[in-house]
């Protein structure tokens, strides 16, 4: 095989593995949209906020990575609940613009809290895998990316069990299809909504911790790119579709790494956005979306 | 005095930007593309006056024209996506424009200096005002001429059939289409008008700032563009103005809080949306105010 082909396959592998973190962030956006028909622009920053709390705990305790990781999950879940209460609970149900604006305010707010707490400086995040590498034939698998992929896979499996095998999952699916009918069947809409926000927040915490450990540090500058990447993932897969977000995230990862290889960092994001724009125009429902153009 | 003049000039740019988002919101669409139109207008107008030696007015108008054409072009593909998908698509557009300017290198020698867009270093030397000896109050009047023209135009549109058409499309597309309203025409027209106003604002801003950089035109500016009408209210053109006042008083009035004001800023947006989800000047308030103004002119009740 030529060097070029080797490199391309290597970049596909890297992109595929890193894309699993985009998939997790995309799931967060897509689930909230699926259940509430509203965008939560604060989701990316929820994930980042949780990762920062975990980093704080790490600096105080110097504890093991498992502790850091669990802190991120719990903290993001709590932030998710705060977002639900402050930006969604008291808003008019049929007017999606008010929560859109409020979550944008929340994005600024959490971003500023993080900037204040860290003086805007990037901070090192603990990496459980160090610089471990796995050789697969002529290719190298980065240990942290492999770890990220496995954890993401586990989270997706748990989510599948939760959505299709529990009463909460049943209620969530009912609310996402017919909120009024679901209420008539005795499903407490508010409780389901709050649960979805806590749950997606926890998924965001996993994503935040994984990204932190793979990138090696956390910076307040991450929040906007994370938000945009999450939105792109959710739209590529079709807003509201969880399998779509997984496919979309992996696809985004692969495309990004290829664009990085061929065009360099200056054009990487431009290619991503052009792909998104083309998708929206030619396939507005996304890859696995049900409703065209929402 | 000069401080207040520059503050008022800044208000002008913000109001124009808010109006450009407002006219699109009337058709029920949320566009984050306004920052992209604004950026394109700024670069085009700057290049016209600083690099090609055009007079000021044609340069600014070129900025508006570029914004309008881009709005028209974005309007068509954007028609295929609705609601929250459009927010994301137009956000991508703004980022594409920003990155195009990040990678754009086009400089020429003018006398002693090299001017023009120089990639990440931005576009320096848009010095028309300075070269022609304009005082701050000249700049203020020039900017506000555009602001007042835009306010009057949108106020008139709101009271005409065209305004009714735009609002009908925004209220209920299906109903609007069934009474024979051309949805494509209405949405593309709104996007074009929005692009035009944003392009003008960008051109004015570029000349005021003398230096523009792609960093100024990112998602944050796009967020502000829709925040002005959404927080201010979409009941009338006064909504975006109210929004600009709300934000400007926060931004410039809370300066004594130093770094903490940004924190309060986010919290206040959340609070405002909880208290008045439809904005400060919402449709209900406009109707009540109109009734109040009309009341004295009504003939007195002539007995049973």
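Residue numbers (our numbering), protein chains in the order written: chain Y, 122 to 415; chain S, 26 to 329. We put the beta carbon where it would ideally sit given N, CA and C, even for glycine. Remember, it's a predicted structure, so these values are computed and weren't measured experimentally.
{"Check": "Inter-stretch contact at 8 Å, needing at least 3 Cβ pairs: the segment 238 to 246 of chain S / the segment 285 to 292 of chain S", "Outcome": "no"}
{"Check": "DSSP state of residue 134 of chain Y mapped onto helix, strand, coil", "Outcome": "helix"}
{"Check": "is_contact[residue 233 of chain Y, chain S] using C-beta, thresh 9 Å", "Outcome": "yes"}
{"Check": "Cβ-based neighbour list, residue 268 of chain S, same chain, cut-off 8 Å, excluding 5 preceding and 5 following", "Outcome": "43, 252, 253, 254, 255, 256, 257, 258, 304 and 305"}
{"Check": "Proximal residues, the segment 349 to 364 of chain Y versus chain S, C-beta separation under 9 Å", "Outcome": "349, 352, 353, 355, 356 and 360"}
{"Check": "Interface positions of the segment 201 to 227 of chain Y facing chain S (Cβ-Cβ less than 8 Å), listed along the chain", "Outcome": "207, 208, 211, 212, 213, 216, 217, 218, 219, 220, 221, 222, 223, 225, 226 and 227"}
{"Check": "C-alpha gap between residue 414 of chain Y and residue 81 of chain S, whole angstroms", "Outcome": "Only weak support is given to the placement of residue 414 of chain Y: the predicted model assigns it a pLDDT of 40, under 50, and the value that follows is read from those uncertain coordinates. Cα to Cα, residue 414 of chain Y sits roughly 42 Å from residue 81 of chain S."}
{"Check": "CB contact check: residue 390 of chain Y to chain S, cutoff 9 Å", "Outcome": "yes"}
{"Check": "Assumed close pair residue 151 of chain S, residue 31 of chain S - CB separation to whole angstroms, cut-off 8 Å", "Outcome": "With a Cβ gap of about 16 Å, residue 151 of chain S and residue 31 of chain S do not count as contacting."}
{"Check": "Within 9 Å, strictly: CB atoms of residue 303 of chain Y and residue 313 of chain Y", "Outcome": "yes"}
{"Check": "Minimum Cβ-Cβ distance from residue 105 of chain S to chain Y less than 9 Å", "Outcome": "yes"}
{"Check": "Residue 260 of chain Y: first and last residue of the uninterrupted beta strand (DSSP E) it sits in", "Outcome": "260 to 263"}
{"Check": "Residue 96 of chain S to residue 252 of chain Y span [Cα, whole Å]", "Outcome": "48 Å"}
{"Check": "Cβ-based burial, residue 213 of chain Y [other Cβ within 10 Å; buried from 16]", "Outcome": "exposed"}
{"Check": "Burial state of residue 157 of chain S, where buried means 16 or more other Cβ atoms lie within 10 Å", "Outcome": "exposed"}
{"Check": "Listed by chain order, chain Y residues near residue 57 of chain S by CB distance under 9 Å", "Outcome": "The contacting residues do not exist; residue 57 of chain S stays about 10 Å from chain Y at best."}
{"Check": "Residue 120 of chain S (DSSP reduced to helix, strand or coil)", "Outcome": "helix"}
{"Check": "C-beta atoms of residue 69 of chain S and residue 224 of chain S nearer than 9 Å", "Outcome": "yes"}
{"Check": "Stretch pair the segment 368 to 381 of chain Y + the segment 324 to 333 of chain Y: three plus CB contacts closer than 8 Å", "Outcome": "no"}
{"Check": "Of the listed residues S:104, S:136 and S:154, nearest to residue 236 of chain S (C-alpha basis)", "Outcome": "S:154"}
{"Check": "Alpha carbon of residue 335 of chain Y to alpha carbon of residue 291 of chain Y, nearest angstrom", "Outcome": "34 Å"}
{"Check": "Sheet register partners of residue 254 of chain Y (DSSP bridge)", "Outcome": "Y:263"}
{"Check": "Buried/exposed call for residue 138 of chain Y, threshold 16 Cβ in 10 Å", "Outcome": "buried"}
{"Check": "Where residue 174 of chain Y meets chain S, residues with beta-carbon distance less than 7 Å", "Outcome": "Residues of chain S passing the Cβ test: none, with the nearest at roughly 17 Å."}
{"Check": "Sequence-distant residues of the same chain with beta carbon closer than 7 Å to residue 241 of chain Y, five excluded per side", "Outcome": "341"}
{"Check": "For residue 357 of chain Y and residue 409 of chain Y, the rounded distance between their alpha carbons", "Outcome": "8 Å"}
{"Check": "Closer than 9 Å to chain S by CB, residue 387 of chain Y", "Outcome": "yes"}
{"Check": "Which listed residue (Y:127, Y:185, Y:158 and Y:151) has its alpha carbon closest to that of residue 299 of chain Y", "Outcome": "Y:158"}
{"Check": "Listed by chain order, chain S residues near residue 345 of chain Y by CB distance under 9 Å", "Outcome": "243, 244 and 245"}
{"Check": "Endpoints, beta strand (DSSP E) assigned at residue 294 of chain Y", "Outcome": "Unbroken run through residue 294 of chain Y is the alpha helix (DSSP H), 288 to 298; no beta strand (DSSP E)."}
{"Check": "Helix, strand or coil at residue 331 of chain S [DSSP, three-state]", "Outcome": "Residue 331 of chain S is absent from the structure shown; chain S starts at 26 and stops at 329."}
{"Check": "Burial state of residue 120 of chain S, where buried means 16 or more other Cβ atoms lie within 10 Å", "Outcome": "buried"}
{"Check": "Chain S contact for residue 180 of chain Y (CB, 9 Å cutoff)", "Outcome": "no"}
{"Check": "Through-space distance from residue 194 of chain S to residue 51 of chain S, alpha-carbon basis", "Outcome": "8 Å"}
{"Check": "Integer Cβ distance of residue 216 of chain S from residue 103 of chain S, believed to fall under 8 Å", "Outcome": "7 Å"}
{"Check": "With 16 other Cβ atoms within 10 Å as the buried cut-off, status of residue 328 of chain S", "Outcome": "Since pLDDT at residue 328 of chain S reaches only 48, below the 50 mark, its modelled position is unreliable, and the value read off the structure follows with that caveat. By the neighbour-count rule (16 or more Cβ atoms within 10 Å), residue 328 of chain S is not buried but exposed."}
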